[in-house]
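J.: Sending over a structure as structure tokens; questions will come in a sec.
Numbering (the numbering used here), first residue to last: 3 to 104.
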């Protein structure tokens, strides 16, 4: 864990999060390749590496609003002219279970 954190942070990563037996390294897109190469140089294997959109804040969505938001996301993802869909909503696991059960 210390080796991953040290290599990533020294290369310019903003944060390193432990997720079970793996890590999520967060960095600015401008230093993505530098961080990726620094991990490789220390023989730290990576299962994936990609630049993604991460919201700076989230909006909690519940009830009928949650169902509507998920429907919109699904419709957007299925549209042939749309390549990627990003959102900043937060739906609890309990709310997702309710929606899935309907």
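Don't be surprised by glycine CBs; every beta carbon is placed ideally from N, CA and C.
Determine the extent of the beta strand (DSSP E) in which residue 27 is found, giving its start and end residues.
T.: In the chain shown, the residue the question calls residue 27 occupies position 25. From DSSP, the beta strand (DSSP E) with residue 27 extends over 24 to 28.
J.: Out of 100, 17, 10 and 99, which one is the CA nearest neighbour of residue 46?
T.: On the chain shown, position 44 is the one that residue 46 refers to. Nearest option by C-alpha distance: 10.
J.: Roughly how many whole angstroms lie between the Cα atoms of residue 60 and residue 68?
T.: As a position in the chain shown, residue 60 is number 58, starting the count at 1. As a position in the chain shown, residue 68 is number 66, starting the count at 1. Looking at the two C-alpha atoms, the distance is approximately 13 Å.
J.: Just to check my reading of the structure: residue 31 and residue 53 have Cβ atoms closer than 8 Å, yes? What is that Cβ distance to the nearest angstrom?
T.: As a working mapping, residue 31 is identified with position 29 in the chain shown. As a working mapping, residue 53 is identified with position 51 in the chain shown. Residue 31 to residue 53, Cβ: 5 Å. Contact.
J.: If I'm right that residue 25 touches residue 6 with Cβ under 8 Å, what's the distance once you round it to whole angstroms?
T.: The sequence position of residue 25 within the chain shown is 23, counting from 1. The sequence position of residue 6 within the chain shown is 4, counting from 1. Confirmed, Cβ separation roughly 5 Å.
J.: Terminal residues of the continuous alpha helix (DSSP H) containing residue 35?
T.: For the purposes of this step, residue 35 is taken as the residue at position 33 of the chain shown. Taken as a continuous stretch (DSSP letters only), the alpha helix (DSSP H) holding residue 35 covers 34 to 43.
J.: Go to residue 76, then tell me how far its alpha helix (DSSP H) extends in each direction, as first and last residue.
T.: On the chain shown, residue 76 is found 74 positions in, with the first residue counted as 1. Note, residue 76: alpha helix (DSSP H), 65 to 80.
J.: Note the first and the last residue of the continuous beta strand (DSSP E) segment covering residue 21.
T.: By one-based count along the chain shown, residue 21 stands at place 19. Run containing residue 21: 17 to 21, per the beta strand (DSSP E) assignment.
J.: Keeping to the same chain, check which residues put their C-beta closer than 6 Å to that of residue 63; ignore five residues upstream and five downstream.
T.: The count along the chain shown starts at 1 and reaches residue 63 at position 61. Hits under 6 Å: 71, 91 and 93.
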